[in-house]
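Going by numbering that gives the first Met the number 0, the sequence shown opens with residue 0, and the numbers climb by one from there.
Even glycine gets a Cβ: it sits at the ideal position worked out from N, Cα and C.
Note sheet for the following structure.
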Amino acid sequence: MNPLKELQNHGQSIWLDFLARGFIAKGELKALIERDGVRGVTSNPSIFEKAIGTGDEYDAAFAKLLKGGDRSVIDLYESVAIEDIQNAADVLRPVYDELHGHDGYVSLEVSPYLARDTEGTLQEARRLWKAVGRKNLMVKVPGTSEGLPAIEQLTAEGLSINITLLFSQKVYADVLEAYISGLEKYAATGGDLSKVASVASFFVSRIDTAVDRQLDDKIAAANDDDRKAQLAALKGKVAVANAKLAYQHYKKVIASDRWKALEAKGARVQRLLWASTGTKNKAYSDVLYVEDLIGRDTVNTVPPATLGAFRDHGKVRDTLEENIQEAEGILSGLRLAGISLDAITDHLVDDGVRLFSEAADQLLGAVASKRARMLGAKIDTQALALGDDLTRTTKALTDDWRAEGKGRRLWKRDASVWTNHDEAKWLGWLDAVEREQDSLKLYQRFADAVKRAKFTDAVVLGMGGSSLGPEVLATTFKQAKGFPKLHILDSTDPAQVRRVEKSINLTRTLFIVSSKSGGTTEPNALMDYFFARVEKVSGQKPGVHFIAVTDPGSSLEKVARQRNFIHVFHGEPSIGGRYSVISPFGLVPAAAAGIDLKKFLAAAGAMAHACGADVPPHENPGIQLGLALGAAARAGRDKVTLSASNQIEDFGAWTEQLIAESTGKNGRALIPLADEPLGKPDVYGDDRVFVDLALKGDTSREAALKALEQAGHPVIRIAVTDAAHIGQEFFRFEMATAVAGSVIGVNPFDQPDVEAAKVKTRELTAAFGKSGALPQEEPLVTDGNLAVYTDRNNAEALREAGANGTVESWLKAHFSRIESGDYAALLAYIDHNDKDIAALQKARIAIRDNKHVATCVGFGPRFQHSTGQAYKGGPNTGVFVQITADDAKDLPVPGQTASFGIIKAAQARGDFDVLTERDRRALRLHIKGDVSKGLAAINSAVAKALS
Numbered sequence: 000m001n002p003l004k005e006l007q008n009h010g011q012s013i014w015l016d017f018l019a020r021g022f023i024a025k026g027e028l029k030a031l032i033e034r035d036g037v038r039g040v041t042s043n044p045s046i047f048e049k050a051i052g053t054g055d056e057y058d059a060a061f062a063k064l065l066k067g068g069d070r071s072v073i074d075l076y077e078s079v080a081i082e083d084i085q086n087a088a089d090v091l092r093p094v095y096d097e098l099h100g101h102d103g104y105v106s107l108e109v110s111p112y113l114a115r116d117t118e119g120t121l122q123e124a125r126r127l128w129k130a131v132g133r134k135n136l137m138v139k140v141p142g143t144s145e146g147l148p149a150i151e152q153l154t155a156e157g158l159s160i161n162i163t164l165l166f167s168q169k170v171y172a173d174v175l176e177a178y179i180s181g182l183e184k185y186a187a188t189g190g191d192l193s194k195v196a197s198v199a200s201f202f203v204s205r206i207d208t209a210v211d212r213q214l215d216d217k218i219a220a221a222n223d224d225d226r227k228a229q230l231a232a233l234k235g236k237v238a239v240a241n242a243k244l245a246y247q248h249y250k251k252v253i254a255s256d257r258w259k260a261l262e263a264k265g266a267r268v269q270r271l272l273w274a275s276t277g278t279k280n281k282a283y284s285d286v287l288y289v290e291d292l293i294g295r296d297t298v299n300t301v302p303p304a305t306l307g308a309f310r311d312h313g314k315v316r317d318t319l320e321e322n323i324q325e326a327e328g329i330l331s332g333l334r335l336a337g338i339s340l341d342a343i344t345d346h347l348v349d350d351g352v353r354l355f356s357e358a359a360d361q362l363l364g365a366v367a368s369k370r371a372r373m374l375g376a377k378i379d380t381q382a383l384a385l386g387d388d389l390t391r392t393t394k395a396l397t398d399d400w401r402a403e404g405k406g407r408r409l410w411k412r413d414a415s416v417w418t419n420h421d422e423a424k425w426l427g428w429l430d431a432v433e434r435e436q437d438s439l440k441l442y443q444r445f446a447d448a449v450k451r452a453k454f455t456d457a458v459v460l461g462m463g464g465s466s467l468g469p470e471v472l473a474t475t476f477k478q479a480k481g482f483p484k485l486h487i488l489d490s491t492d493p494a495q496v497r498r499v500e501k502s503i504n505l506t507r508t509l510f511i512v513s514s515k516s517g518g519t520t521e522p523n524a525l526m527d528y529f530f531a532r533v534e535k536v537s538g539q540k541p542g543v544h545f546i547a548v549t550d551p552g553s554s555l556e557k558v559a560r561q562r563n564f565i566h567v568f569h570g571e572p573s574i575g576g577r578y579s580v581i582s583p584f585g586l587v588p589a590a591a592a593g594i595d596l597k598k599f600l601a602a603a604g605a606m607a608h609a610c611g612a613d614v615p616p617h618e619n620p621g622i623q624l625g626l627a628l629g630a631a632a633r634a635g636r637d638k639v640t641l642s643a644s645n646q647i648e649d650f651g652a653w654t655e656q657l658i659a660e661s662t663g664k665n666g667r668a669l670i671p672l673a674d675e676p677l678g679k680p681d682v683y684g685d686d687r688v689f690v691d692l693a694l695k696g697d698t699s700r701e702a703a704l705k706a707l708e709q710a711g712h713p714v715i716r717i718a719v720t721d722a723a724h725i726g727q728e729f730f731r732f733e734m735a736t737a738v739a740g741s742v743i744g745v746n747p748f749d750q751p752d753v754e755a756a757k758v759k760t761r762e763l764t765a766a767f768g769k770s771g772a773l774p775q776e777e778p779l780v781t782d783g784n785l786a787v788y789t790d791r792n793n794a795e796a797l798r799e800a801g802a803n804g805t806v807e808s809w810l811k812a813h814f815s816r817i818e819s820g821d822y823a824a825l826l827a828y829i830d831h832n833d834k835d836i837a838a839l840q841k842a843r844i845a846i847r848d849n850k851h852v853a854t855c856v857g858f859g860p861r862f863q864h865s866t867g868q869a870y871k872g873g874p875n876t877g878v879f880v881q882i883t884a885d886d887a888k889d890l891p892v893p894g895q896t897a898s899f900g901i902i903k904a905a906q907a908r909g910d911f912d913v914l915t916e917r918d919r920r921a922l923r924l925h926i927k928g929d930v931s932k933g934l935a936a937i938n939s940a941v942a943k944a945l946s
């Protein structure tokens, strides 16, 4: 007789520890059932990883699933895994029916990531049981301390459970108790006990491997030959001895009155299943763990190689109850040798959880890789050219994030990924895409209403993330036919307010007042101004021109209701402003402008899936980018130069505020640099990392990037399929910034230093309200149409460095303080127009090329709400030149004593005061009269100071 089939006569079932799609489809499983009497199948992450990750067997199934729409990595895996389990269960169903549920089972494991999570295990086991929908399914649950209550509860609910990762007799006893207690609870609720089956998977070969390793150390240390022989006699014996004694406990329990009472109600015994039965040591018989563990009411699950070996030369007899005293003696001898089996089995459980988690990482990583390859141009790609040192550091961080499960913990809102403060409150952006896809009908109704109203313009009145996200959308997407042109106004500069007003038709403009808190100074002042202007020029009530985007219950919502705004959109309170672009703060302006939100969110969703909790760090683009940036910061490369194709160039400004405000605190930061054109390698120090976003077909910067890479600078290239994919990049960089914050060691969701400038501004505007003027200032020097200001400490230091009666001398002294690793920032409280931008760009490039340092340009007050956080809270490596100017013509703010010009001046002075209070190297240049002439004078002075 076939030895495999003969095992049935001894009360033992053979299950196969293997599963693959083709193996089922080609009839090989059915053949083993018929030929060898195989009565069950077990699976685990390692088995699926080998089946899915090492070939193309599953590619057609994945491609078919993706053809129906994008899927997350875990959804792709589970779809094929559940189908395989269902098909295997169907092949085994005749066995199940013939043996009345005694055999014919297929096992599917809950995620190994949940091994230490009772509630998570319960939820997933129930979900998998329902998804598979087969009576002959066994859900595998690990026999950890957290798994025990799940085993009892699931049994009490009538599920059939395979308890895995058992090594210890004591833990096995606890597992058997959990099963019996679960049956008793199920019986108490009227459950049919005959429908519940269970096996306890007791691992064997791994025990001998671990024990033999310690025995070898003992043997090598022993001086006595007899002692060496005694120790050697224990090798390869402990696992079988341990299993035999576990079986003795099983026999004792099923002989008890307690069990008999359950058996009378139809309960099935929980069979011991011998797992890990492939022989690891080639010196031992390849069928050792089958031949020596044959006994009634047991299962042996074997890999294909062991199945074939036992079929060929296996010997069958009742061995499980042979030499019980010898088994006890072996374990006693192990104790006398000073080796703790309990310590070994405890370690093996932890190691088993780790190995299965690693297999799951490899499995999901393989699926993620296949998904990305199959999506092709539907998902943007990135390539990291970091250099040897940074590559090694990034790899080490990747390994740490994988081992610690930090990606999954991040998605679970675990604040310990960062500083364990309030980070969990600010992670609503993680599932924003899915949430907003559920609101598509609302956005479509709003877009239709805007189109029917025939607005010609839509103006976002906001600051920081509330304005910069919409600004990217406004500059990236062409104006849609029949929809208004989208404008962004995030300044209190009177010239800029007036310029925007002149560019629109007030009677046909929709104003989108955007403020999370509702109390932000700038959007409120702009709202009051344009509300009054519309009221004056329009024959209808001004509220029909206004909507608000704000968090529920804010002061802005109350004002909007009072003024009869046509709509109030609520933001998500768990999303901070700089992470809010994939939320109403970005999507309401997008809808108003006629941007296809369904397409936009679908693209963003593809990246959200790619960065999901189920994608291990090595295949997760957001995590990889974040780890690379964090590693760069640790290595002193904390200046991130951002470049992009022309159509998506404004993405840099949004990214600048995201990275700076998120990471710049507690003396640490990544300093992002938007709009600094790429130069030759020799103008840069060794503190840079370059990130480039290139639209398909755009190679205009590749030569410069290649030169930088060859010069040893880290270069990160992101290939963007088309402009409509900008939503993918929003999500990628949000994830990357959150991850980089963790690596740097900061809370990326607070902004402790932004408020300081706001406090100063309120103090100054309050002083203006009382006296009708801002506190008097005296310039240090007046030189033509420029005046120089700074605090006492900076003034003394600059005079010692040679500053005298000219602006040139003050700038020369100021620039002399720039050191390697510093950055220079030009912070201008003037109109953010093309001409002024060009003038400041000229100055920044001159500074960069001469001093070989990073340079920033910020327009106030908008940078205060973003990069200003890093300037004040980051490392003291910034050298700042603030630029202010007289307003040619001021604008009043209705209902306020302070005009736009006064508010802007107060903001500039408050910002400067905080910089100097933080001991920053800061100088202010004030332009008297014409701004263009003043900027020309500044450029001339800069050039002379650098010469």
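task = Just tell me which of Ala766, Gln495 and Tyr95 has its CA closest to the CA of His831.
result = Gln495
key: Proximity below 8 Å, CB of Phe879 to CB of Arg920   = yes
ask   = Quick one: what's got a C-beta closer than 7 Å to Gln7's C-beta in the same chain, skipping five residues either side?
value = Gly36
request  = Can you check DSSP and say which residues form a bridge with Arg761?
outcome  = DSSP, once it has assigned bridges, lists no residue as partnering Arg761.
key: Minimum C-alpha distance to Asp912 - residue among Asp207, Glu762, Ala802 and Ala219   = Glu762
Alpha carbon of Gly909 to alpha carbon of Arg451, nearest angstrom = 44 Å
C-alpha gap between Leu525 and Thr393, whole angstroms = 45 Å
message = Quick check on DSSP: helix, strand or coil for Asp780?
response = The sequence as given places Val at residue 780; Asp does not occur at that position. Correct three-state label for Val780: strand.
message = I'd like the span of the beta strand (DSSP E) that includes Arg408, first residue to last.
response = Careful: Arg408 lies outside any beta strand (DSSP E), inside the alpha helix (DSSP H) at Lys405 to Trp410.
message = From the DSSP secondary-structure annotation, give me the bridge partner or partners of Ile622.
response = Beta-bridge pairing links Ile622 to no other residue.
query = Looking only at DSSP bridge pairs, what is Met137 linked to?
reply = Ser106
query = Hey, Thr508 and Phe454 are a contact pair by Cβ (cut 8 Å); roughly how many whole angstroms apart?
reply = 6 Å
key: Cβ neighbours of Asp74 in the same chain (closer than 7 Å, five flanking residues each side left out)   = none
message = Quick check on the burial criterion: 16 or more other C-beta atoms within 10 angstroms. Buried or exposed for Gln324?
response = exposed
query = What first and last residue would you give for the alpha helix (DSSP H) that runs through Leu596?
reply = Leu596 to Ala609
message = Here's the rule: buried if 16 or more other CB atoms are within 10 angstroms of the residue's CB, otherwise exposed. What is Val758?
response = exposed
ask   = What are the start and end residues of the alpha helix (DSSP H) that includes Gly100?
value = Premise fails: Gly100 is in no alpha helix (DSSP H) and is neither H nor E.
ask   = Sorted by chain position, which residues of the same chain lie with C-beta nearer than 7 Å to Glu618's C-beta, five sequence neighbours on each side aside?
value = Gly364, Ala367 and Ser368
task = Kindly indicate which residue of Ser898, Ile503, Met373 and Pro541 has the alpha-carbon position closest to the one of Gly771.
result = Ser898
inquiry  = Just to confirm the assignment, what range does the beta strand (DSSP E) spanning Gln269 have?
reply    = Gln269 to Ala274
task = Would you mind sorting Met0 into buried or exposed? The rule is 16 or more other CB atoms within 10 Å of its CB.
result = exposed
message = Restricting to Cα atoms, I'd like to know which of Asn665, Val856 and Ala630 is closest to Asp686.
response = Ala630
inquiry  = Tell me the residue span of the alpha helix (DSSP H) that contains Gln443.
reply    = Leu439 to Ala452
request  = Can you tell me which of the three DSSP states Phe545 falls into?
outcome  = strand
inquiry  = What residue range does the alpha helix (DSSP H) around Asp225 cover?
reply    = Asp224 to Ala231
query = Which runs of the alpha helix (DSSP H) spanning at least 4 residues fall entirely within the region 628 to 700, listed in chain order?
reply = 650 to 662
message = For Val714, which residues in the same chain have their Cβ closer than 6 Å to its Cβ, ignoring the five residues on either side in sequence?
response = Ala384, Phe689, Leu704, Leu707 and Glu708
query = Is Arg372 buried or exposed, if buried means 16 or more other CB atoms sit within 10 Å of its CB?
reply = exposed
task = Run through the region 706 to 759 for me and flag every whole beta strand (DSSP E) of 3 or more residues, listed as ranges in chain order.
result = 714 to 719
Three-way DSSP call (helix, strand, coil) for Tyr57 in this model = coil
request  = Just confirm the distance between the C-beta atoms of Ile503 and Asp456, as a whole number of angstroms; I'd bet it's less than 8 Å.
outcome  = 4 Å
key: Whole-angstrom distance between Leu165 and Ile343, CA atom to CA atom   = 12 Å
task = Within the same chain, show all residues whose beta-carbon is closer than 6 Å to that of Ala177, passing over the 5 residues directly before and after it, in chain order.
result = Leu147, Ile150 and Glu151
message = Please report the distance separating the alpha-carbon of Arg969 from that of Ser356.
response = The requested residue 969 does not occur in the structure, where the chain is confined to residues 0 to 946.
key: Beta-bridge pairing of Val458 - partner residues as DSSP gives them   = His486 and Phe510
query = Which of the three DSSP states, helix, strand or coil, is assigned to Ile329?
reply = helix
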